[in-house]
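To start, the structure under review is shown below, and the notes come after it.
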Amino acid sequence: MLLLEAHGKKLLADAGLPLPRSEFVRAGEAPHWPAGAAACVVKAQVPVGGRGKAGGILRATPELLAAQVQAVFAARIKGHAPQAVLIEEVVQGSEHYLSLIVDANAGGLRLMYSPQGGVEIEDAFEGGAGSVNLLSAPTPAGLATAAAQLRASVAPENRDALTYVAQRLADCVLDNGLLLAEINPLFIDAQGRPWAGDAKLVVDMNVVPEHAGQRALFEANRDLYPDAWRKISEDFDYVEIDRQGSIGLVTTGAGLSMMLIDELVAHGARPINFCDIRTGQMRGRPDRLVSVLGWLGEIPTLRVVLVNVFAGITDLGEFAHLLLEARRLCPAITVPVVARLVGHNAAQAEALIKAVPCGIEWEPDLERALARAAAIAEGH
Amino acid sequence: MLLDLSHDTAVIVQGISGRMGQTHAKLMQRYGTRIVGGTSSRPPSPDDAFPVFPDCAAAVAATGAQLSLLMVPPLQTLAAVEEAVHAGLRAVVTVGEGVPVLDALRIRALTREAGVTWLGASTPGMCIPGELKVGFLPDVSLAPGRIGVMSKSGTLSYEVGYRLVALGHGQSAWIGVGGDPVKGLRFADLAAGFAAHDRTAALVLVGEVGGTEEEDFAAAWQALHCGKPVFALIAGAQAKEGVTMGHAGALVMGRRGTLQSKQAALRAAGVQVFSSIQSLVRAVDAQVARA
Numbered sequence: 506m507l508l509l510e511a512h513g514k515k516l517l518a519d520a521g522l523p524l525p526r527s528e529f530v531r532a533g534e535a536p537h538w539p540a541g542a543a544a545c546v547v548k549a550q551v552p553v554g555g556r557g558k559a560g561g562i563l564r565a566t567p568e569l570l571a572a573q574v575q576a577v578f579a580a581r582i583k584g585h586a587p588q589a590v591l592i593e594e595v596v597q598g599s600e601h602y603l604s605l606i607v608d609a610n611a612g613g614l615r616l617m618y619s620p621q622g623g624v625e626i627e628d629a630f631e632g633g634a635g636s637v638n639l640l641s642a643p644t645p646a647g648l649a650t651a652a653a654q655l656r657a658s659v660a661p662e663n664r665d666a667l668t669y670v671a672q673r674l675a676d677c678v679l680d681n682g683l684l685l686a687e688i689n690p691l692f693i694d695a696q697g698r699p700w701a702g703d704a705k706l707v708v709d710m711n712v713v714p715e716h717a718g719q720r721a722l723f724e725a726n727r728d729l730y731p732d733a734w735r736k737i738s739e740d741f742d743y744v745e746i747d748r749q750g751s752i753g754l755v756t757t758g759a760g761l762s763m764m765l766i767d768e769l770v771a772h773g774a775r776p777i778n779f780c781d782i783r784t785g786q787m788r789g790r791p792d793r794l795v796s797v798l799g800w801l802g803e804i805p806t807l808r809v810v811l812v813n814v815f816a817g818i819t820d821l822g823e824f825a826h827l828l829l830e831a832r833r834l835c836p837a838i839t840v841p842v843v844a845r846l847v848g849h850n851a852a853q854a855e856a857l858i859k860a861v862p863c864g865i866e867w868e869p870d871l872e873r874a875l876a877r878a879a880a881i882a883e884g885h
Numbered sequence: 029m030l031l032d033l034s035h036d037t038a039v040i041v042q043g044i045s046g047r048m049g050q051t052h053a054k055l056m057q058r059y060g061t062r063i064v065g066g067t068s069s070r071p072p073s074p075d076d077a078f079p080v081f082p083d084c085a086a087a088v089a090a091t092g093a094q095l096s097l098l099m100v101p102p103l104q105t106l107a108a109v110e111e112a113v114h115a116g117l118r119a120v121v122t123v124g125e126g127v128p129v130l131d132a133l134r135i136r137a138l139t140r141e142a143g144v145t146w147l148g149a150s151t152p153g154m155c156i157p158g159e160l161k162v163g164f165l166p167d168v169s170l171a172p173g174r175i176g177v178m179s180k181s182g183t184l185s186y187e188v189g190y191r192l193v194a195l196g197h198g199q200s201a202w203i204g205v206g207g208d209p210v211k212g213l214r215f216a217d218l219a220a221g222f223a224a225h226d227r228t229a230a231l232v233l234v235g236e237v238g239g240t241e242e243e244d245f246a247a248a249w250q251a252l253h254c255g256k257p258v259f260a261l262i263a264g265a266q267a268k269e270g271v272t273m274g275h276a277g278a279l280v281m282g283r284r285g286t287l288q289s290k291q292a293a294l295r296a297a298g299v300q301v302f303s304s305i306q307s308l309v310r311a312v313d314a315q316v317a318r319a
């Protein structure tokens, strides 16, 4: 999960990196000019790169700050509507690129530097004049060696700053179990001091439940990370992808759930959500189904719910019981439900669902189930 | 190494006394896998269905086990793999979801240094149909045949396998590499083995957005100049940038890990890439002789 810039910078500051003066403003809050700051920018806090080109970063002035903040909130950046902005002082200095990233192919951490700030990460990987690309073991000793190698490879005037930042990045990645920590641009001012101009930090969601600091960050900002907070608090995956969609998905398995979304969209349908409910962990309780149906029930444009479970081990008879129970516990869900259940004990599931007249349609073929859900969504 | 496994391979289950360990040991044995025992922190009981040992070293000494299936909590996976490697096991399969990535980097280094094959994490396992199954791939999707399957996703590959089996296309081998970003065997590691595998006539690759595994496979496959057809399905066209979709590895960042990058690399390597399950299944059925 990519952290918003402001939260990524908080982790960098905790590791000892200096940050420009800034104010974090949520939607609906009154913006304030950072105390003591000269020139500032307003930056949309969305988990994507390329914000500047998409209208997500504007130059700010104290007189027009409120209007400029509103303009950024009104922007749509790669499908994301900003829920917060960062008003940040502009830093003057030479621009650089520095990152530490898990290299899954090489099996280590890769420390990458470019003397040109603003380059894409792929370009940093491929290298160029003055760039550095070092593979390290994921250990303090390995990263200390990499920082020393970086020091020996860069221009003398930047050595101290870059070595300091590389060491702090190493601490930050190891302490937080990060997949990526990127500072781009990294400013080095006339006094040789480094400043993080931007921050792209990716946390490992497998670490979060056991990491008190990260868990607290997501809990305190659950409105900004609703999908991540659902995963942490409910222990399964539900990602809202289209709040104006019409098809709610109750599915299990990440890959198959992604594929169903792709296929529905390719046919012009609008699925609301990604869902990997993990039927194998339901342990005889309908809670997860009740949660998902509850979230879907909050979407005014919901027209149909598609349930798809390919059960290798899960007893579909038991799952059908839980689905019927969840349906009973969620009277607000009045739309049709199309259930496609295949695998272990599907015959019992079919008998159970067909015996109860509660608006659940049984369809054992996935292609026909997708078509049926799309047709209902279109009003047929 | 995995393509050479058979019903003779001696397999243990680390964590065999847990609810999942007991269930899946029995299911694997029923499939034909030679389960010779397992390890547990609790003492053996007369009710145990399999011999229970205190650790891998004791299990290997008593049974000659070659492969271990780890059914342990994700935060215990690193320690359990260390135990397996030190005991001399030649392959480990870690099915647990939620192994921290920095732990996975350490497992990768540890197993590679010891020459141990690691499949996982976050994998449903593997199967040589008719010989053995290690993990929990559903029997309804499995049948002996000529198609080599490799997949990041469990459920999506179950669906593909299920439909292909219904048409008479079984598998020569099925390797679930798992959906984590850092893992043991990757698609590219399997390319040479499948290319040289006499019982494999064609490959089905079930991928996802995120990472560069499909691109790396494409480069490896192209270099092999193998004439076997490869059919690929990549899930996640609608995945949001910067947001993980279930699998930790399914994370798109900028140009990295995109569907377009994967499609372009695979097609350049001669791989047929599909955007729906049904279109892939139809193409396989049209181009590959049924078993």
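Residue numbers (my numbering), protein chains in the order written: chain A, 506 to 885; chain B, 29 to 319.
The beta-carbon is built from N, C-alpha and C at its ideal position, and this holds for glycine as well.
Source: prediction; values computed, not measured.
- Per DSSP, the unbroken alpha helix (DSSP H) holding Thr650/A starts and ends at 645-658.
- For the C-beta of Pro836/A, not a single chain B residue is nearer than 8 Å; the gap to the nearest is close to 29 Å.
- For Pro102/B, the C-beta contacts it makes with chain A under 8 Å involve Asn711, in order along the chain.
- Around the beta carbon of Lys268/B, 16 or more other beta carbons lie within 10 angstroms, which makes this residue buried.
- Using a Cβ distance threshold of 8 Å, Thr37/B and Gly65/B do not count as a contacting pair.
- When secondary structure is reduced to three states using DSSP, Arg845/A falls in the strand class.
- Excluding its 5 nearest sequence neighbours in each direction, Gly702/A has C-beta neighbours in its own chain below 8 Å: Pro525, Val596, Glu600, Gly622, Ile688, Asn689, Pro690, Leu691, Phe692, listed in chain order.
- Thr151/B and Arg783/A have their alpha carbons spaced roughly 14 Å apart.
- Straight through space, the alpha carbons of Phe78/B and Ala874/A are spaced by roughly 42 Å.
- Of the other Cβ atoms in all chains shown, fewer than 16 fall within 10 Å of the Cβ of Gly143/B; this residue is therefore exposed.
- When the Cα atoms are used, Met56/B and Leu165/B turn out to be separated by approximately 10 Å.
- Here Val607/A is buried: its Cβ has 16 or more other Cβ atoms, across all protein chains shown, within 10 Å.
- Bounds of any beta strand (DSSP E) do not take in Leu192/B; it lies within the alpha helix (DSSP H) bounded by 182-194.
- Where Phe578/A is concerned, the enclosing alpha helix (DSSP H) starts and stops at 570-579.
- Its chain contains Val843, Ala844, Arg845, Ala874, Arg877 as the residues whose beta carbon lies nearer than 8 Å to that of Glu868/A, once the 5 sequence neighbours on both sides are disregarded; these appear in chain order.
- Here Lys180/B is buried, its C-beta having at least 16 other C-beta atoms within 10 Å.
- Of all residues in the region 740-765 of chain A, only Asp742, Val744, Ile746, Thr757, Gly758, Ala759, Gly760, Leu761, Ser762, Met763, Met764 place a beta-carbon less than 8 Å from a beta-carbon of chain B.
- Taking the C-beta atoms as reference points, Val127/B is found no nearer than 8 Å to Ser96/B.
- No Cβ of chain B is located within less than 8 Å of the beta carbon of Asn850/A.
- Out of Arg310/B, Tyr59/B, Leu147/B, Ser68/B, the CA that lies nearest to the CA of Thr122/B is found in Leu147/B.
- Cβ atoms of Ile582/A and Arg556/A come within 8 Å of each other, at about 6 Å.
- Residues of chain B whose Cβ lies closer than 9 Å to the Cβ of Lys548/A do not exist; the shortest such Cβ separation is about 15 Å.
- Under the three-state reduction of DSSP output, Ser68/B falls in the coil class, being neither helix nor strand.
- Taken through DSSP and simplified to helix, strand or coil, Phe779/A comes out as strand.
- The beta carbon of Pro643/A sits closer than 8 Å to some beta carbon of chain B.
- In the three-state scheme derived from DSSP, where H, G and I count as helix and E and B as strand, Trp734/A is classed as helix.
- Interface criterion not met: the Cβ of Asn689/A is under 8 Å from no Cβ in chain B.
- Listed by position along chain A, the residues whose Cβ is nearer than 7 Å to that of Tyr186/B are Phe815, Gly817.
- Within chain A, Gly612 have C-beta atoms less than 7 Å from the C-beta of Arg136/B, given in sequence order.
- Within the region 597-608 of chain A, the residues whose Cβ lies closer than 7 Å to any Cβ of chain B are, in chain order, Val607.
- Inter-segment contact for the region 103-112 of chain B and the region 128-137 of chain B is present: three or more beta-carbon pairs are separated by less than 8 Å.
- Taking 8 Å as the cut-off, the beta carbon of Asn778/A is found closer than this to the beta carbon of Ile746/A.
- Chain B has no Cβ within less than 8 Å of the Cβ of Phe692/A.
- Looking only at Gly697/A, Gly612/A, Asp694/A, the smallest Cα-Cα distance to Leu684/A is reached by Gly612/A.
- At a cut-off of 4 residues, the continuous stretches assigned as alpha helix (DSSP H) that sit fully inside the region 220-289 of chain B are 241-252.
- Across the structure, Gly789/A and Arg833/A are spaced so that their CA atoms are roughly 16 Å apart.
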